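*Asks:* Residue numbers (the numbering used here): 463 to 919. We put the beta carbon where it would ideally sit given N, CA and C, even for glycine. These numbers come from a predicted model, not from an experiment. My structure is below; once you've seen it, I'll send some questions.
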Amino acid sequence: MKMNSVIFREYDIRGVFETDFDLDFAYELGRAFTTYVVEHSHIERPRLTLGHDARLSSPAITNALANGFADGGADVLLLGLITSPMSYFSTFTVENVVGGIMVTGSHNPPEYNGFKISFGKTTIFGEEIKKLEKIINAKDYSKGSGSREAIDIRSPYIERYKKEFKGLPGDFPVVLDCGNGAAGAIARDLFEATGLRPDILFEEPDGRFPNHHPDPTVESNLKDLKARVLATGARVGIGFDGDADRIGLLDEKGRFVLGDELMSLVAIDILKKNPGAKIIGDVKCSDRMYDLIRRHGGEPVMWKTGHSLIKEKVKSEKSPFGGELSGHVFFADRNYGYDDALYAGLRIVEILYKSGKTIDQLLEDLPPSFCTPEIRIDTTEEKKHLIVAKLKEKFAGPSKDFKTNLLDGVRVSFSDGWGLSRASNTQPVLVLRFEAHSAKGLARIQEEFLSVVNPML
Numbered sequence: 463m464k465m466n467s468v469i470f471r472e473y474d475i476r477g478v479f480e481t482d483f484d485l486d487f488a489y490e491l492g493r494a495f496t497t498y499v500v501e502h503s504h505i506e507r508p509r510l511t512l513g514h515d516a517r518l519s520s521p522a523i524t525n526a527l528a529n530g531f532a533d534g535g536a537d538v539l540l541l542g543l544i545t546s547p548m549s550y551f552s553t554f555t556v557e558n559v560v561g562g563i564m565v566t567g568s569h570n571p572p573e574y575n576g577f578k579i580s581f582g583k584t585t586i587f588g589e590e591i592k593k594l595e596k597i598i599n600a601k602d603y604s605k606g607s608g609s610r611e612a613i614d615i616r617s618p619y620i621e622r623y624k625k626e627f628k629g630l631p632g633d634f635p636v637v638l639d640c641g642n643g644a645a646g647a648i649a650r651d652l653f654e655a656t657g658l659r660p661d662i663l664f665e666e667p668d669g670r671f672p673n674h675h676p677d678p679t680v681e682s683n684l685k686d687l688k689a690r691v692l693a694t695g696a697r698v699g700i701g702f703d704g705d706a707d708r709i710g711l712l713d714e715k716g717r718f719v720l721g722d723e724l725m726s727l728v729a730i731d732i733l734k735k736n737p738g739a740k741i742i743g744d745v746k747c748s749d750r751m752y753d754l755i756r757r758h759g760g761e762p763v764m765w766k767t768g769h770s771l772i773k774e775k776v777k778s779e780k781s782p783f784g785g786e787l788s789g790h791v792f793f794a795d796r797n798y799g800y801d802d803a804l805y806a807g808l809r810i811v812e813i814l815y816k817s818g819k820t821i822d823q824l825l826e827d828l829p830p831s832f833c834t835p836e837i838r839i840d841t842t843e844e845k846k847h848l849i850v851a852k853l854k855e856k857f858a859g860p861s862k863d864f865k866t867n868l869l870d871g872v873r874v875s876f877s878d879g880w881g882l883s884r885a886s887n888t889q890p891v892l893v894l895r896f897e898a899h900s901a902k903g904l905a906r907i908q909e910e911f912l913s914v915v916n917p918m919l
């Protein structure tokens, strides 16, 4: 069995297939997860769902996992080629299901693959994922003779949202970019069930991702979507990542809408019906967003970056909505509280259609600013933490010139803007982001951080 410990990440298990893990590992993971579920649920023969994305390695990995489930005594419900949100949907809607695994490499390059793991109605992360590694190393597995059964999750998924969104107009111009990911297996049927007639790019699922990298939160990956939006006069362009849990957005002018701008758009709409509600964002989100939520009668809550962490915070705070800059957005309002980019896309279309406004018009209350996108600097596991520690020393305070927030990395607020540095939870990467009221202020704040960062790289 091939198993590199680095694949056990904060939010999932992920690595390069045949380099970091192999089919034997997938089988052992199936045994380990079944053991974990039996121990934590006290159900000797649990029902588990299993789906996969469009990557070339996914069907073989799924088969190995299913064998591991069954040999551990689980009854396996095979969902086929689906999105990660459809996997989550199965844990909320299929009778007596106590967990599941989605085989996906998410937005990583084609050679990657991995596993997003649900127990109960939430995904496990952190120490709970590490427990699976310990079970594999100990090989003290549950035993049994489970079954395998293919079930249809597409029909109930489409029917659920057909009821919610039915009546959206077929002449509303929207362009979708499925990026050859799993979204292409469901997007057309889902959107058409609501009445829409979307124009769709790169619909065919293809795990080689021949047209562009499957990450719609990087603007350069959306150049074809931008061209189609401008050519057709669409009201909005919507991009999906490889497993359709992250969304990217372009307005009618082809402008890239940042994740916290998208969240602001949704928050304004949700607060109309949920005055005083808590709206959750991560430390990379703009002060503009948090201020706007407050002005519209909401209670902004800043939390740690990480889609599993934000999802749990939405749940614990009983928030109707939350998200992070990276395009993971979570609707507990009218939905189940997990990140589903297709559902988010329908909500955006609904807001635009019912308001009759453009994205710019809906965001007119969001003040302009000078800001950077998320800046990711490749480094080492050791250096990323050393750099953050050094910045904590620099901005230890107290100071009349700035306020320091150490919730997740170092976020420093000045009178005219803010800067952030944090160590990625999943990669040897240092993450930075900056925002200010002026170009001069932006340059100054960046230099405050980079004067520490650059000499240490």
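Could you compute how far the alpha carbon of alanine 905 sits from the alpha carbon of arginine 895?
*Replies:* Here residue 905 is taken as the residue at index 443 of the sequence shown, counted from 1. Here residue 895 is taken as the residue at index 433 of the sequence shown, counted from 1. If I take the Cα positions, the gap works out to 12 Å.
*Asks:* I need the boundaries of the alpha helix (DSSP H) containing cysteine 721, first residue and last residue.
*Replies:* Taking the sequence shown and counting its residues from 1, one reaches residue 721 at position 259. Looking at the sequence provided, one finds glycine at residue 721 rather than cysteine. Element bounds for glycine 721: 721 to 735.
*Asks:* At the level of alpha carbons, what is the spacing between methionine 764 and valine 745?
*Replies:* As a position in the sequence shown, residue 764 is number 302, starting the count at 1. As a position in the sequence shown, residue 745 is number 283, starting the count at 1. Rounded to the nearest angstrom, the two C-alpha atoms are 6 Å apart.
*Asks:* Determine the burial state of valine 468: buried for a count of at least 16 other Cβ atoms within 10 Å of its Cβ, exposed for fewer.
*Replies:* The residue you call residue 468 lines up with position 6 of the sequence shown. Burial is judged here by how many other beta carbons sit within 10 angstroms of a residue's own beta carbon; valine 468 has fewer than 16 and is exposed.
*Asks:* What do you reckon, are the CB atoms on arginine 926 and glycine 576 nearer than 7 Å?
*Replies:* Residue 926 is absent from the model: the chain starts at 463 and stops at 919.
*Asks:* Phenylalanine 509: which of Tyr800, Val538, Ser503, Thr841 sits nearest, CA to CA?
*Replies:* Translated into positions along the sequence shown, residue 509 becomes position 47. For clarity, residue 509 is arginine in the given sequence; the question names phenylalanine instead. With distances taken between Cα atoms, arginine 509 lies closest to Val538.
*Asks:* In three-state terms, what does DSSP make of asparagine 916?
*Replies:* On the sequence shown, position 454 is the one that residue 916 refers to. In the structure shown, asparagine 916 sits in a helix (DSSP, three-state: H, G or I).
*Asks:* Do the CB positions of threonine 584 and alanine 536 come within less than 7 Å of each other?
*Replies:* Here residue 584 is taken as the residue at index 122 of the sequence shown, counted from 1. Here residue 536 is taken as the residue at index 74 of the sequence shown, counted from 1. Taking 7 Å as the Cβ cut-off, threonine 584 and alanine 536 do not qualify as a contacting pair.
*Asks:* Within its chain, find whatever has a CB closer than 7 Å to the CB of lysine 777; leave out the 5 residues flanking it on each side and keep chain order.
*Replies:* Taking the first residue of the sequence shown as 1, we reach residue 777 at position 315. The answer, listed in chain order, is Gly799.
*Asks:* Measuring CB to CB, does serine 552 end up less than 7 Å from methionine 564?
*Replies:* Position 90 of the sequence shown holds residue 552. Position 102 of the sequence shown holds residue 564. Cβ atoms of serine 552 and methionine 564: not closer than 7 Å.
*Asks:* When the Cα atoms are used, what is the spatial distance from histidine 504 to serine 726?
*Replies:* Your numbering for residue 504 matches position 42 in the sequence shown. Your numbering for residue 726 matches position 264 in the sequence shown. Cα atoms of histidine 504 and serine 726: separation of roughly 43 Å, rounded to the nearest angstrom.
*Asks:* Does leucine 663 pass the burial test, meaning 16 or more other C-beta atoms within 10 Å, or should it be called exposed?
*Replies:* In the sequence shown, counting from the first residue as 1, residue 663 sits at position 201. Classification for leucine 663: buried.
*Asks:* Measuring alpha carbon to alpha carbon, tell me which residue in Ser781, Gly789, His502 is nearest aspartate 707.
*Replies:* Taking the sequence shown and counting its residues from 1, the one referred to as residue 707 is at position 245. Cα-wise, what sits closest to aspartate 707 is Gly789.
*Asks:* Just to confirm, is the Cβ distance from glutamate 909 to serine 748 under 7 Å?
*Replies:* By 1-based counting over the sequence shown, the position of residue 909 is 447. By 1-based counting over the sequence shown, the position of residue 748 is 286. No. Outside cutoff.
*Asks:* Using the DSSP secondary-structure output, state which residues sit across from asparagine 867 in a beta bridge.
*Replies:* Residue mapping note: residue 867 aligns to position 405 of the sequence shown, counting from 1. Answer is Arg873.
*Asks:* Are there 16 or more other CB atoms within 10 angstroms of the CB of arginine 690, so buried, or fewer, so exposed?
*Replies:* Sequence index remark: in the sequence shown, residue 690 carries index 228 (1-based). It counts as buried.
*Asks:* Excluding the 5 residues preceding and the 5 following leucine 485 in the sequence, name in chain order all residues of the same chain whose CB lies nearer than 7 Å to its CB.
*Replies:* Here the question's residue 485 lines up with position 23 in the sequence shown. Same-chain partners within the cutoff: Ala522, Ile523, Ala526.
*Asks:* Are phenylalanine 487 and methionine 463 closer than 7 Å when you measure CB to CB?
*Replies:* Along the sequence shown, one-based indexing puts residue 487 at 25. Along the sequence shown, one-based indexing puts residue 463 at 1. A contact, by the Cβ cut-off of 7 Å.
*Asks:* When DSSP builds the beta bridges, which residues end up paired with lysine 740?
*Replies:* Sequence index remark: in the sequence shown, residue 740 carries index 278 (1-based). Its beta-bridge partners are Glu761.
*Asks:* Quick one: Cα of proline 571 to Cα of proline 676, how far?
*Replies:* Residue 571 sits at position 109 when you count from the first residue of the sequence shown. Residue 676 sits at position 214 when you count from the first residue of the sequence shown. Taking the straight line joining both Cα atoms gives about 8 Å.
*Asks:* What do you get for histidine 847, buried or exposed, if any count of 16 or more other CB atoms within 10 angstroms of its CB means buried?
*Replies:* As a first step, residue 847 is located in the sequence shown; it is residue number 385 there, counting from the start. Under this definition histidine 847 is an exposed residue.
*Asks:* Ignore the nearest five residues each way along the sequence and tell me which others in isoleucine 813's own chain have a CB closer than 6 Å to its CB.
*Replies:* Indexing the sequence shown from 1 puts residue 813 at position 351. Its chain contains Asp731 as the residues whose beta carbon lies nearer than 6 Å to that of isoleucine 813, once the 5 sequence neighbours on both sides are disregarded; these appear in chain order.
*Asks:* In terms of residue numbering, what span does the alpha helix (DSSP H) encompassing asparagine 525 cover?
*Replies:* Numbered from 1 along the sequence shown, position 63 holds the residue referred to as residue 525. Its alpha helix (DSSP H) spans residues 520 to 533.
*Asks:* So, lysine 740 versus glutamate 761, is the Cβ gap smaller than 7 Å?
*Replies:* For the purposes of this step, residue 740 is identified with residue 278 of the sequence shown, where counting begins at 1. For the purposes of this step, residue 761 is identified with residue 299 of the sequence shown, where counting begins at 1. Contact flag set, yes.
*Asks:* Could you tell me the distance, in whole angstroms, from the CA atom of serine 831 to the CA atom of serine 900?
*Replies:* Position 369 of the sequence shown holds residue 831. Position 438 of the sequence shown holds residue 900. Cα to Cα, serine 831 sits roughly 7 Å from serine 900.
*Asks:* Based on DSSP bridge pairs, tell me the residues matched to threonine 584.
*Replies:* Counting from 1 along the sequence shown, the entry for residue 584 is found at position 122. Its beta-bridge partners are Phe581.
*Asks:* Mind listing, in chain order, the continuous beta strand (DSSP E) runs of no fewer than 3 residues lying wholly within the segment 816 to 862?
*Replies:* 837 to 840
*Asks:* Output yes or no for whether 7 Å exceeds the beta carbon distance between threonine 679 and glycine 643.
*Replies:* Locating residue 679 in the sequence shown gives position 217, where the first residue counts as 1. Locating residue 643 in the sequence shown gives position 181, where the first residue counts as 1. Contact: no.
*Asks:* Would you decide whether glutamate 723 is buried or exposed? Buried here means 16 or more other CB atoms lie within 10 Å of its CB.
*Replies:* Taking the sequence shown and counting its residues from 1, one reaches residue 723 at position 261. Its Cβ being crowded by 16 or more others within 10 Å, glutamate 723 is buried.
*Asks:* So what's histidine 514 in DSSP terms, helix, strand or just coil?
*Replies:* Translated into the one-based positions of the sequence shown, residue 514 becomes position 52. Of the three classes helix, strand and coil, the one that applies to histidine 514 here is strand, per DSSP.
*Asks:* If we count the other Cβ atoms within 10 Å of its Cβ and call it buried at 16 or more, is lysine 816 buried or exposed?
*Replies:* On the sequence shown, position 354 is the one that residue 816 refers to. Exposed, because fewer than 16 other Cβ atoms sit within 10 Å of the Cβ of lysine 816.
*Asks:* Of the choices Phe581, Phe554, Ser609, Asn466, whose alpha-carbon is the least far from that of arginine 507?
*Replies:* As a first step, residue 507 is located in the sequence shown; it is residue number 45 there, counting from the start. Nearest C-alpha to arginine 507: Ser609.
*Asks:* Could you tell me whether the Cβ atoms of leucine 658 and isoleucine 620 are closer together than 7 Å?
*Replies:* Locating residue 658 in the sequence shown gives position 196, where the first residue counts as 1. Locating residue 620 in the sequence shown gives position 158, where the first residue counts as 1. Contact: no.
*Asks:* What do you reckon, are the CB atoms on threonine 767 and glutamate 786 nearer than 7 Å?
*Replies:* As a working mapping, residue 767 is identified with position 305 in the sequence shown. As a working mapping, residue 786 is identified with position 324 in the sequence shown. Contact flag set, yes.
*Asks:* Return the CA-CA distance between glutamate 714 and glycine 738, expressed in angstroms with no decimal places.
*Replies:* Position 252 of the sequence shown, counting from 1, holds the residue named residue 714. Position 276 of the sequence shown, counting from 1, holds the residue named residue 738. Cα to Cα, the separation comes out at about 31 Å.
*Asks:* Less than 7 Å between the C-beta atoms of valine 914 and leucine 853, yes or no?
*Replies:* As a working note, residue 914 is residue 452 in the sequence shown. As a working note, residue 853 is residue 391 in the sequence shown. For valine 914 and leucine 853, yes; Cβs fall inside 7 Å.
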